[in-house]
Structure formats: C-alpha cells, structure tokens
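This note's numbering puts the first residue of the sequence shown at 87, with every later residue one more than the last.
Working notes, beginning with the structure itself.
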Amino acid sequence: MMQAIILAGGSQAQLHPWAAHTPKPMLPFFDRPVTEHIIRLLARHDIRDIIITTSGRTMDVPEYFGDGSNLQVNLRYSIEDKPAGTAGAIRRVESLLTGTFIVISSDIITDLDISAAIDEHKSAGAIATVLTHQVGDPTGFGVLCWDETGKISKFVEKPRSTEVFSDTISTGIYVLEPKVISNIAPYSTQDFARHVFPLLLRNQESMHASHLPGYWCDLGAILHYRPAHYAALQGIVRIALPAVYAG
C-alpha cells in the first residue's frame, strides 16, 4: 500500500494582515484548511496511510484532523522539536515507511494526477520522481531541466534571475524510494531541493521529472491565494467545493 508524507511543519502564512497568525497548513481555502484538500487528493488516489510532519507552530493540525477517520484515512504525526527541513523531517519517520512513498507540501492547491506520477516513477526505475509545473517567474522555486526520457540533469533551488535556465519548477510533490533516506544527513537540517536532490545528481542516481497536465498553486502569498480561489470557482482546478444554498 502506498504511503504519503504531508509536510506541515511550516511557518505562518504571509498573508498579512488577516491571516498573519495562521500556520500555512491551516490556511483556509473556502470552507476547510488547505491541508484537508491535500488529504482528500491523496484519498482520491487510494493513498490512505498518511504521516503528517508538524512542529510546535503547527499543533493545530493534529488537533483538527485527529486520526483521520472522518476523512476515511489513517493519520499519524511526527512532531519536530526543532526545524529539520523538508528532507530531515522524512528521516525522522523512516521507521514508519514500508516502501515507495509520496512527499507533498501542505500549502498547495493541486489536482495533479498522483497515480499517473507513481506509474511514471515505476516505469522510469528512478530513485526519485519530481512532479513539475511551468510558471511565469521561477525564481522563488526549485528549477530543473531534463532530457527527452524525463531524466533530470540539473536542479537549482531559487535561482537568481540571471541564473534561470527553465520555467519548469518543482511542485514540492515527490515519489521516492526508501533508498533516498540514506542520502539525508542525520541530526541536521536537510532540504530536498538544497541538499538531497543535488547530492543524488552528483552521485548519478536516476531522478525523473513528471510533467503532467493539471492545476498547481503555492498558497504562501496573497499574490497566489486569490487567483487559486477564482480557479476553483471557474472549475479550472478539480477540488471539492462547499455547497451553496441560494434560497
């Protein structure tokens, strides 16, 4: 059974002033926290064994979701006493993982086909698959390039404008093999984009880029937050919306 890890140990959302004290994982998107949309996305792809990494700043997450039974999933939590980074958080839960797993950020809205990405990952025989998306300004993200087979050859986190070599970015959604964890340095803050993926490429490990049709948006700033709501209302992104009674 496929497992997933939701990274929810982040800081407060930068949506001043009205959401200045809201942790990113609990950022409201219509009638529910953005993390709930991620959980529902995973469940639609029959991924129901889910680990959520949290911190002291995001303790609202386990308090709100509990064991996940109301969403027909099994939720477990890893609570960081100090920031471990996106990859360091994964190393902490290594003992809970049983095979290939998904890593996904908690502060995004997307309808990308997770099942198709998993199939691509298996067909490619990769140690890591990065789901990608094209954006207008890639400087705030991890930028990558790959060959005609999908094999990643370069990955640069948040390049300067003069360093940009592609408009295709990492979505913060990965399909990973357990072997990746041995490349995460213990007892230190480690990020996939800054530390682990560059190391895998230096070691000539096979990394695959999955570029699938669909919607993706990082909700960390007001510049993206409003358009994502409009996209949902217009049916551009396929997510469950609250029922509206016009009586």
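Virtual Cβ for every residue (Gly too), placed ideally from N, Cα, C.
M293 has its alpha-carbon roughly 15 Å from the corresponding atom of R280. Counting only runs of 4 or more residues that sit fully inside the region 142-185, the alpha helix (DSSP H) segments are 146-151, 171-177, in chain order. Linking C231 to N269 through their CA atoms gives a straight-line distance of about 21 Å. Three or more beta-carbon pairs separated by less than 8 Å link the region 195-207 to the region 286-302, which places the two stretches in contact. By the 16-neighbour rule on beta-carbons within 10 angstroms, P119 is buried. In the structure shown, L93 adopts extended strand secondary structure according to DSSP, grouped into three states. By the C-beta density criterion, Q276 is buried, having at least 16 other C-beta atoms within 10 angstroms.
With contacts defined by Cβ atoms closer than 8 Å, E206 and S296 form a contacting pair. Taken through DSSP and simplified to helix, strand or coil, K244 comes out as coil. Here R130 carries a helix assignment [DSSP, helix/strand/coil].
H219 sits close to T257, with the two beta carbons spaced by under 8 Å.
Here the alpha carbon of N160 sits roughly 42 Å from the alpha carbon of S247.
Boundaries of the beta strand (DSSP E) harbouring S296: 293-296, taken from the DSSP string.
Taking C-beta atoms under 8 Å as the contact rule, I165 and L217 fail to qualify, at a distance of about 27 Å. Of the residues assessed, F251 falls on the exposed side of the cut-off, its CB having fewer than 16 other CB atoms within 10 angstroms. In terms of CA proximity to N156, I125 leads the group P114, P224, I125, Q89. Rounded to whole angstroms, the separation of the alpha carbons of L287 and S239 is 7 Å. Within the same chain, Cβ atoms closer than 8 Å to the Cβ of P264 are found at E180, L183, G185, T186, F187, the five residues on either side in sequence being excluded. Put simply, of G174, V242, V221, S192 the residue whose alpha carbon is nearest the alpha carbon of H123 is S192.
In the assembly as shown, A214 is a buried residue. Its beta-carbon has 16 or more other beta-carbons within 10 Å.
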